[in-house]
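Take a look at the structure set out below.
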Amino acid sequence: MAFSTTSFAGAKLEAPFLKSALSSRASPSSKFPILWKPIRSRKTLIQRGVRCEVAASDAFVRTDKLSALEQLKTSAADRYTKERSSIVVIGLSVHTTPVEIREKLAIPEAEWPRAIGELCSLNHIEEAAVLSTCNRMEIYVLALSQHRGVKEVTEWMSKTSGIPASELRQHQFLLYNKDATQHIFEVSAGLDSLVLGEGQILAQVKQVVKVGQGVLGFGRNISGLFKHAITVGKRVRTETNIAAGAVSVSSAAVELALMKLPESSHATAKMLVIGAGKMGKLVIKHLAAKGCTKMVVVNRSEERVAAIREELMNVEITYKPLEEMLTCAAEADVVFTSTASEAPLLLKEHVEDLPPVGPEDGGLRLFVDISVPRNVGSCVADIETVRVYNVDDLKEVVAANKEDRLRKAMEAQAIIAEESKQFEAWRDSLETVPTIKKLRAYAERIRMAELEKCLSKMGDDIPKKTRKAVEDLSRGIVNKLLHGPMQHLRCDGSDNRTLSETLENMHALNRMFSLETEISVLEQKFRAKVESQK
């Protein structure tokens, strides 16, 4: 059934449209803060901001015959008939946001499906994905409206974290469509990481896809984006060798600790690792790679530590339960923390009475905290005999081999540009899907109407076999006639010439069969959302 623009903006949808439209027109000069984030591998800057001003396509209908109320309703509804769903990333990363805010926004992996469901229940969000790591909290969505989608997601982030939306806007960056695509490709390739080319982020992007499988809101566009990002990440590392010499966050933590220790004590310093999960295991491996043959590992259970011990036969790994953490810290020169605890494990009152570190080991006890939320309270840094480092301090480790990094990053950017075009072409090819559905529905309506006329003329006593034969004939004729147009509406998006022709064919069919008068896809989606929330 087709709905006119006026009926779509009618009584049932009047409230949300009026509320959105009035709020957007109440203060046309209001803006989100504009943030700039430097992309280290490029000479240019991407503007991480968005204006809240109403777009030109959202202008009022200037018709004397319409009342102001009707103009407003028509304008709001018209937005959904002309706008294409947008891929949007709303993010806060180590480049723009301090760890104190990021840790409040962090969402555990087990909670990602719940978060996707909540995001997709918002009025203007169709699909969603969450990328939450120690260095970033990024929400990827397919939004029916850019401005309203961003507003809803920001408010959701504020609600779940307890941070005022106004404060979040001071740190968040916003990217749309091609810029959003390029960003996730850069992230997956390791170009946006503190440690250029590190492989851990690619594994985390893969995990987003793994967790998203079967989750209703992890839809075609967003899942396609992340799957393509995985392909890009693999290709960049293979073709540019960007990971050679680059390290993960865990490796950077080890390098930072060794930078702070006197070189003479590298082989003798007492190392303590709290947490034997993925990050802790990597810390242990990197310590072993740097020549450390003896260390203590504190963990809730011994099972994981035993597995690591079997893997590193030449390293003496001593297991201690979590209850003995402070005793172990008193005997250590360097303490690495990497647990999933949401509350700090070490506070000032726990650390200030620990015995001092010997001068041969620098006279300072080092705490390297790579957890988000942090395992070491910020108050610990007030102690004179202690130095505390967190994930933000790992920037110091990334200072080496600048020229080589830039060269490899430029090679990676060329690959990303090529892959971005392919992904955008694939997305463009999806634009023909609504036309295909509308054309089939149009043809089916005509077939059914003509079939009913034919059967009514043949009388009520038509044998079932004859009825079926006539119905099959009508369906076969329609399918044969639609075959040509359908072939010219399908393409995989890999050939730009073919894609251009396909889109031209789509517009031609829309005009010839008046398919644009059908209710728009965005209209249908928004209408369904509003109806489902009643």
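Sequence positions in the sequence shown follow full-length UniProt numbering and run 1 to 534. Note that beta-carbon positions come from the ideal geometry of N, C-alpha and C, so glycine has one too. Since we're looking at a predicted model, the values are computed, not measured.
Neighbour-count burial assignment, residue i, 16 or more Cβ in a 10 Å radius
i           : result
residue 213 : exposed
residue 511 : exposed
residue 193 : buried
residue 514 : exposed
residue 420 : buried
residue 321 : exposed
residue 361 : buried
residue 161 : buried
residue 299 : buried
residue 281 : buried
residue 136 : buried
residue 259 : exposed
residue 301 : exposed
residue 41  : The predicted position of residue 41 is uncertain, since its pLDDT is 39 and thus under 50; no value can be drawn from it.
residue 152 : buried
residue 257 : buried
residue 509 : buried
Assumed close pair residue i, residue j - CB separation to whole angstroms, cut-off 8 Å
i           : j           : result
residue 272 : residue 334 : 7 Å
residue 249 : residue 391 : 7 Å
residue 450 : residue 474 : 7 Å
residue 308 : residue 352 : So it is not a contact: roughly 31 Å between Cβ atoms.
residue 133 : residue 201 : 7 Å
residue 131 : residue 208 : 6 Å
Inter-residue spacing [alpha-carbon to alpha-carbon] between residue i and residue j
i           : j           : result
residue 460 : residue 220 : 47 Å
residue 181 : residue 337 : 34 Å
residue 168 : residue 231 : 32 Å
residue 372 : residue 204 : 15 Å
residue 174 : residue 332 : 43 Å
residue 456 : residue 179 : 58 Å
residue 251 : residue 389 : 14 Å
residue 328 : residue 357 : 13 Å
residue 269 : residue 146 : 54 Å
residue 240 : residue 410 : 9 Å
residue 101 : residue 95  : 12 Å
residue 323 : residue 369 : 19 Å
residue 243 : residue 342 : 31 Å
residue 233 : residue 444 : 45 Å
residue 275 : residue 183 : 32 Å
residue 326 : residue 350 : 7 Å
residue 463 : residue 435 : 37 Å
residue 185 : residue 469 : 54 Å
residue 506 : residue 423 : 20 Å
residue 93  : residue 265 : 35 Å
residue 316 : residue 157 : 44 Å
residue 215 : residue 222 : 12 Å
residue 479 : residue 122 : 39 Å
residue 364 : residue 294 : 20 Å
residue 484 : residue 176 : 35 Å
residue 4   : residue 118 : The predicted position of residue 4 is uncertain, since its pLDDT is 38 and thus under 50; no value can be drawn from it.
residue 476 : residue 465 : 16 Å
Minimum C-alpha distance to residue i - residue among the options
i           : options            : result
residue 406 : 391, 190, 293      : 190
residue 210 : 113, 165, 147      : 113
residue 126 : 150, 108, 109      : 150
residue 386 : 298, 366, 393, 105 : 366
residue 148 : 101, 107, 90, 137  : 90
residue 104 : 117, 164, 110      : 164
residue 253 : 440, 198, 98, 172  : 198
residue 330 : 234, 93, 296       : 296
residue 426 : 228, 255, 171, 293 : 228
residue 542 : 255, 137, 506      : Residue 542 is absent from the model: the chain starts at 1 and stops at 534.
residue 218 : 116, 408, 505      : 116
residue 440 : 313, 118, 486, 152 : 486
residue 292 : 313, 302, 187      : 313
residue 319 : 310, 311, 306      : 306
residue 224 : 363, 129, 154, 98  : 129
residue 339 : 304, 381, 359, 277 : 277
residue 467 : 109, 188, 454, 476 : 454
residue 544 : 111, 124, 172, 159 : Nothing in the structure corresponds to residue 544, since the chain is present only between 1 and 534.
residue 106 : 120, 138, 119, 482 : 138
residue 408 : 238, 124, 110      : 238
residue 290 : 279, 226, 267      : 267
residue 504 : 428, 381, 110, 472 : 428
residue 263 : 354, 359, 188, 311 : 359
residue 447 : 303, 279, 471      : 471
heavy atom of the ligand GDP below 7 Å from residue i C-beta
i           : result
residue 271 : For the structure depicted, the ligand GDP is absent and the ligand set is empty, with no information on it obtainable.
Quiz item: Hey, is the region 134-144 in contact with the region 84-99, meaning 3+ C-beta pairs nearer than 8 Å?
Solution: yes
Exercise. Could you tell me whether the region 343-355 touches the region 376-390, using the rule of 3 or more Cβ pairs below 8 Å?
Key: yes
Quiz item: Would you call the region 409-416 and the region 282-289 touching, i.e. three or more CB-CB distances under 8 Å?
Solution: no
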